[in-house]
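First comes the structure, then the notes that go with it.
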Amino acid sequence: MRILHEPLTSLDGTEAELECYLLDNFPEIDADRRRPCIVVVPGGGYLECSPREMEPIAVRMLGYGFQACVLHYSTAPSRFPTALHELAAAVAMVRAHADDWHVDPHAVMVAGFSAGGHLAADLGAEWNGALLASFGFDAECIRPDGLMLGYPVISAGEYAHRPSFERLLGDRAGEQAVRDAVSIELRVTAAFPPTFLFHTMTDATVPVANSLLLVDALRRVGVSVEAHLFPTGRHGVSLGTRESMYADGTGVEECVQVWPDLFRDWMGRLSGTRSAHR
Numbered sequence: 013m014r015i016l017h018e019p020l021t022s023l024d025g026t027e028a029e030l031e032c033y034l035l036d037n038f039p040e041i042d043a044d045r046r047r048p049c050i051v052v053v054p055g056g057g058y059l060e061c062s063p064r065e066m067e068p069i070a071v072r073m074l075g076y077g078f079q080a081c082v083l084h085y086s087t088a089p090s091r092f093p094t095a096l097h098e099l100a101a102a103v104a105m106v107r108a109h110a111d112d113w114h115v116d117p118h119a120v121m122v123a124g125f126s127a128g129g130h131l132a133a134d135l136g137a138e139w140n141g142a143l144l145a146s147f148g149f150d151a152e153c154i155r156p157d158g159l160m161l162g163y164p165v166i167s168a169g170e171y172a173h174r175p176s177f178e179r180l181l182g183d184r185a186g187e188q189a190v191r192d193a194v195s196i197e198l199r200v201t202a203a204f205p206p207t208f209l210f211h212t213m214t215d216a217t218v219p220v221a222n223s224l225l226l227v228d229a230l231r232r233v234g235v236s237v238e239a240h241l242f243p244t245g246r247h248g249v250s251l252g253t254r255e256s257m258y259a260d261g262t263g264v265e266e267c268v269q270v271w272p273d274l275f276r277d278w279m280g281r282l283s284g285t286r287s288a289h290r
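Per this note's numbering, residue 13 is the first one in the sequence shown, and the count goes up by one each step.
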């Protein structure tokens, strides 16, 4: 296995990096194997990137035979669209290195958690839009083939996690039009990627209504979505295991621990659907 640290150019000069965990190929197994790649986008309220949603997630994805890359993106005081630009660049980088990194360029997924879920969903809404095109990105190079969203920040409206949007937007957070522009449920189109998501009903930080609003928006435009709502679990539950628990011992939730296997199975079905339409 190789671990690479690939720098990304930020709009505001801050440091960003794509940390890549890459399984090798061997003649005894399959020298030409192409693997799905999961670009992991940790949460942290646009204040930081949470380690609990970095390496533990990447290692689990490797266990399924996926390549995994963790995006260390710019947070406050960086403002929108700096992190979105970095995520687009990360997806483009994975596709550009598909041969060397043994990646299937038609199976580049983005997995975002909490505020990282907002960032992932923002790319899902914006990959073919004017904003990223204005930075010179080719839409097909930055298009996620699917999204995995864990307890995502979605709406800047009634159910908003307001600190995330205040950090993302700065002194423009009070402007309705600006909030609407980053409220994902208002920007869903039929071009939004197929989506897998999970949330807990007892999330007291990012209300489950965020995920429900997105599910309804995706349903309305005919985008495939699989959603799992778990009865218990605090915000930031990650894997729900001791490996990803908080320092105070909370965050171990048995009911949540099934989501990675459910995601793996969803990936298998999605891969079959893509193959049928090629």
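Beta carbons: idealized from backbone N, C-alpha and C, even for Gly.
No experiment lies behind these values; they were computed from the predicted model shown.
Check your understanding: Cβ atoms of Glu65 and Thr87: under 7 Å apart, would you say?
Key -> On the sequence shown, position 75 is the one that residue 87 refers to. On the sequence shown, position 53 is the one that residue 65 refers to. Their beta carbons are not under 7 Å apart, which means Thr87 does not touch Glu65 by this criterion.
Point to revise | Leu135 to Ala101 span [Cα, whole Å] | key: Here residue 135 refers to the residue found at position 123 of the sequence shown. Here residue 101 refers to the residue found at position 89 of the sequence shown. The straight-line gap from Cα to Cα measures roughly 11 Å.
**Study point:** Phe204, DSSP secondary structure in three states
**Key:** Locating residue 204 in the sequence shown gives position 192, counting from the first residue. Phe204: coil per DSSP, three-state reduction.
Practice item. Check Asp116 in the structure and name its three-state DSSP category. Key: On the sequence shown, position 104 is the one that residue 116 refers to. Correct three-state label for Asp116: strand.
Point to revise | Option in Ala119, Ser126, Arg47 and His118 with minimal Cα separation from Val220 | key: Counting from one through the sequence shown, the residue named residue 220 turns up at place 208. Nearest C-alpha to Val220: Ser126.
Exercise for review: Excluding the 5 residues preceding and the 5 following Leu198 in the sequence, name in chain order all residues of the same chain whose CB lies nearer than 6 Å to its CB.
Suggested key: On the sequence shown, position 186 is the one that residue 198 refers to. These residues qualify, in order along the chain: Asp192.
**Study point:** Counterpart residues of Thr212 in DSSP-defined beta bridges
**Key:** Residue 212 sits at position 200 when you count from the first residue of the sequence shown. For Thr212, which the question treats as bridged, DSSP gives the partners Phe242.
Check your understanding: Leaving out five residues before and five after Leu274 in sequence, what residues of the same chain have Cβ atoms less than 7 Å from its Cβ?
Key -> To locate residue 274, count along the sequence shown from 1; it is residue 262. Counting only Cβ-Cβ distances below 7 Å, and skipping sequence neighbours, we find His240.
Check your understanding: Can the beta-carbon of Ala123 be found closer than 7 Å to that of Asn140?
Key -> Here residue 123 refers to the residue found at position 111 when the sequence shown is read from its first residue. Here residue 140 refers to the residue found at position 128 when the sequence shown is read from its first residue. By the CB criterion at 7 Å, Ala123 and Asn140 fall outside the cutoff.
Point to revise | Where the beta strand (DSSP E) containing Glu18 begins and where it ends | key: Along the sequence shown, read from residue 1 onward, the residue named residue 18 stands at position 6. Boundaries of the beta strand (DSSP E) harbouring Glu18: Arg14 to Leu20, taken from the DSSP string.
**Study point:** Coarse secondary structure for His109, derived from DSSP in three states
**Key:** Counting from one through the sequence shown, the residue named residue 109 turns up at place 97. Here His109 sits in coil by DSSP.
**Study point:** Distance, Leu23 Cα to Pro175 Cα
**Key:** Locating residue 175 in the sequence shown gives position 163, counting from the first residue. Locating residue 23 in the sequence shown gives position 11, counting from the first residue. Rounded to whole angstroms, Pro175 to Leu23 spans 22 Å at the Cα level.
Review point. Does the separation of the CB atoms of Ala9 and Leu34 fall below 7 Å?
Key: As displayed, the chain neither begins before 13 nor continues past 290, which places residue 9 out of reach and without an answer.
Exercise for review: Tell me whether Arg199 sits in a helix, a strand or coil according to DSSP, three-state version.
Suggested key: As a first step, residue 199 must be located in the sequence shown, where it is residue number 187. DSSP places Arg199 in coil when its eight states are reduced to three.
Review point. In its own chain, which residues sit with a C-beta less than 7 Å from the C-beta of Thr253, not counting the 5 before and 5 after it?
Key: Position 241 of the sequence shown, counted from the start, is the residue given in the question as residue 253. Hits under 7 Å: Val264 and Gln269.
Review point. Would DSSP call His97 helix, strand or coil?
Key: Walking along the sequence shown from the start, residue 97 turns up at place 85. Three-state result, His97: helix.
Check your understanding: For the alpha helix (DSSP H) that contains His130, what are its first and last residues?
Key -> Residue numbering aside, residue 130 sits at position 118 when the sequence shown is read from its first letter. Its alpha helix (DSSP H) spans residues Ala127 to Glu138.
**Study point:** Which of helix, strand or coil DSSP assigns to Val233
**Key:** Here the question's residue 233 lines up with position 221 in the sequence shown. In this structure, Val233 counts as helix in the three-state DSSP scheme.
Review point. To which residues of the same chain is Ser195 closer than 7 Å at the C-beta, ignoring the five residues directly before and after it?
Key: Position 183 of the sequence shown, counting from 1, holds the residue named residue 195. Same-chain partners within the cutoff: Ser167, Ala168 and Gly169.
Point to revise | Close-in-space but distant-in-sequence residues of the same chain around Ala43 (CB under 7 Å, 5 per side omitted) | key: Here residue 43 corresponds to residue number 31 of the sequence shown, with the count starting at 1. Excluding sequence neighbours, Ala43 sits near Asn37.
Point to revise | Paired residues, beta bridge with Leu144 - DSSP | key: Counting from 1 along the sequence shown, the entry for residue 144 is found at position 132. BP columns for Leu144 are empty, so no partner.
Check your understanding: Given that a residue counts as buried once 16 or more other Cβ atoms are within 10 Å of its Cβ, and exposed if not, what is Ser146?
Key -> By one-based count along the sequence shown, residue 146 stands at place 134. Its Cβ having fewer than 16 others within 10 Å, Ser146 is exposed.
Check your understanding: Excluding five sequence neighbours on each side, which residues of the same chain lie with their C-beta closer than 7 Å to the C-beta of Thr257?
Key -> On the sequence shown, position 245 is the one that residue 257 refers to. Contrary to the premise, residue 257 reads as Met rather than Thr in this sequence. The residues are Gly263 and Val264.
Review point. DSSP state of Cys61, grouped into three classes?
Key: Here residue 61 refers to the residue found at position 49 of the sequence shown. DSSP places Cys61 in coil when its eight states are reduced to three.
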